[in-house]
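Worksheet: the structure to be examined is printed underneath.
Printed below as a string of structure tokens:
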């Protein structure tokens with residue numbers, strides 16, 4: 001992916017001179033409604049969720065995806081209060097990371113009350129890096145998708161890097177893709193973890209077109225496996241944006257787990273990057 005990255009970087013630098021990017025290469029990023037996965041602000045959200053959301057809104061974030069915390073899915077706020085707080089700040093509570101466990105009915109009830117659209121299982125709900133286990137998980141995902149659909153919700157799954165390991169010569173993530181119903185299981189592709197897993201997200205856009213309505217847009221350092229500010233890691237962000245329609249993405253959530261200074265400074269950096277592609 002380094003060759004593609006170099007091409008886009010050089011083209012962008014030359015755009016102010018005699019060279020411009022082809023019209024098909026990148027659509028204006030300012031049209032995108034960029035969101036954030038609140039795990040980026042996990043400590044701040046636990047300490048003061050309303051003030052943190054206010055700061056997030058101030059830098060232009062339009063959509064919110066929650067993460068589980070020590071104070072629950074909504075950081076000590078009720079689902080209704082979380083919905084109102086986001087709406088008052090001009091943001092939309094769109095999605096939430098949850099566990100597929102024995103409390104899933106309560107999780108769905110809370111999500112329905114919050115007005116969010118997606119419930120995303122944030123990690124593999126059972127152990128076993130085998131084809132058989134991933135087929136069983138796919139069945140559980142289809143069932144969860146049916147349950148969510150009955151309540152007006154959409155169920156999905158967020159990958160890490162381990163799903164791209166192989167068993168019996170097959171990529172385990174592909175087992176999930178091939179055995180889940182697209183109308184019941186809405187995949188959230190974490191682009192950074194795809195790269196960390198040794199794969200190219202563009203290959204998945206081609207192999208499974210329109211199957212990824214949600215993204216985690218995350219740049220990552222291949223040397224230490226840490227996330228970093230946009231443009232500093234291994235993810236070819238311009239190429240991802242250029243090919244977003246092939247993926248079927250509707251909601252892009254920026255996530256960064258490690259920071260140069262503070263989460264807010266890193267997120268401001270990432271937003272500036274996106275607006276100056």
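Numbering (the UniProt record's numbering), first residue to last: 1 to 277. From the three backbone atoms N, C-alpha and C, an ideal C-beta is built for every residue, glycine too.
Nearest-angstrom Cα separation, counted from residue j out to residue i
i           : j           : result
residue 39  : residue 255 : 7 Å
residue 248 : residue 189 : 11 Å
residue 157 : residue 240 : 20 Å
residue 293 : residue 252 : Past the edges of the chain, shown from 1 to 277, lies residue 293, and the structure says nothing about it.
residue 91  : residue 225 : 31 Å
residue 23  : residue 242 : Residue confidence is low: residue 23 scores 31 on pLDDT, short of 50, so the model does not pin down where it sits. Its coordinate-derived value is still stated next. In a straight line, the C-alpha of residue 23 is about 10 Å away from that of residue 242.
residue 194 : residue 117 : 24 Å
residue 28  : residue 274 : Per-residue confidence for residue 28 stands at a pLDDT of 41, beneath the threshold of 50, marking its modelled position as unreliable; the derived number appears in the next sentence. Distance between the alpha carbons of residue 28 and residue 274 is about 9 Å.
residue 129 : residue 187 : 19 Å
residue 125 : residue 137 : 7 Å
residue 78  : residue 115 : 12 Å
residue 266 : residue 95  : 22 Å
residue 46  : residue 169 : 43 Å
residue 148 : residue 123 : 18 Å
residue 25  : residue 244 : Confidence at residue 25 is low in this model, with a pLDDT of 37, below 50, so the placement of that residue should be treated as unreliable; the coordinate-derived value is given next. Approximately 11 Å, taken between the alpha carbons.
residue 174 : residue 134 : 9 Å
residue 246 : residue 81  : 36 Å
residue 72  : residue 163 : 27 Å
residue 191 : residue 201 : 6 Å
residue 93  : residue 76  : 16 Å
residue 276 : residue 237 : 12 Å
residue 139 : residue 36  : 29 Å
residue 70  : residue 203 : 37 Å
residue 55  : residue 160 : 28 Å
residue 151 : residue 104 : 12 Å
residue 68  : residue 43  : 12 Å
residue 230 : residue 263 : 13 Å
residue 66  : residue 131 : 30 Å
residue 196 : residue 258 : 15 Å
residue 165 : residue 178 : 16 Å
residue 58  : residue 171 : 41 Å
residue 21  : residue 143 : Confidence is the limiting factor: at residue 21 the pLDDT is only 33, short of 50, which leaves the residue's position unreliable, though a coordinate-based value still follows. Taking the straight line from one Cα to the other gives about 45 Å.
residue 271 : residue 217 : 11 Å
residue 285 : residue 199 : An answer regarding residue 285 cannot be provided, because it is not within the stretch 1 to 277 covered by the chain.
residue 282 : residue 121 : No answer is possible for residue 282: the residues shown for the chain start at 1 and end at 277.
Strand pairing of residue i, partner residues [DSSP]
i           : result
residue 97  : 120
residue 251 : 214
residue 190 : 216
residue 155 : 119, 185
residue 64  : 36, 93
residue 170 : 167
residue 70  : Paired residues: none, contrary to the question.
Where the alpha helix (DSSP H) containing residue i begins and where it ends
i           : result
residue 226 : Segment: none, residue 226 is in no alpha helix (DSSP H) and carries neither H nor E.
residue 204 : 201-207
residue 35  : That residue, residue 35, is in no alpha helix (DSSP H); its beta strand (DSSP E) goes 34-37.
residue 104 : 104-114
residue 241 : 237-242
residue 161 : Careful: residue 161 lies outside any alpha helix (DSSP H) and carries neither H nor E.
residue 275 : 263-275
residue 55  : 49-58
residue 79  : 79-88
residue 141 : 131-150
Distance between beta carbons of residue j and residue i, contact taken as under 8 Å
i           : j           : result
residue 119 : residue 111 : 5 Å
residue 213 : residue 250 : 5 Å
residue 220 : residue 153 : With 8 Å as the limit, residue 220 and residue 153 do not qualify as a contact, their Cβ atoms being about 30 Å apart.
residue 155 : residue 184 : 7 Å
residue 141 : residue 180 : 5 Å
residue 64  : residue 34  : About 11 Å; that fails the 8 Å criterion.
residue 53  : residue 89  : 6 Å
Short CB-CB distance (under 7 Å) between residue i and chain B
i          : result
residue 89 : Of the chains in the structure shown, none is chain B; there is only one protein chain.
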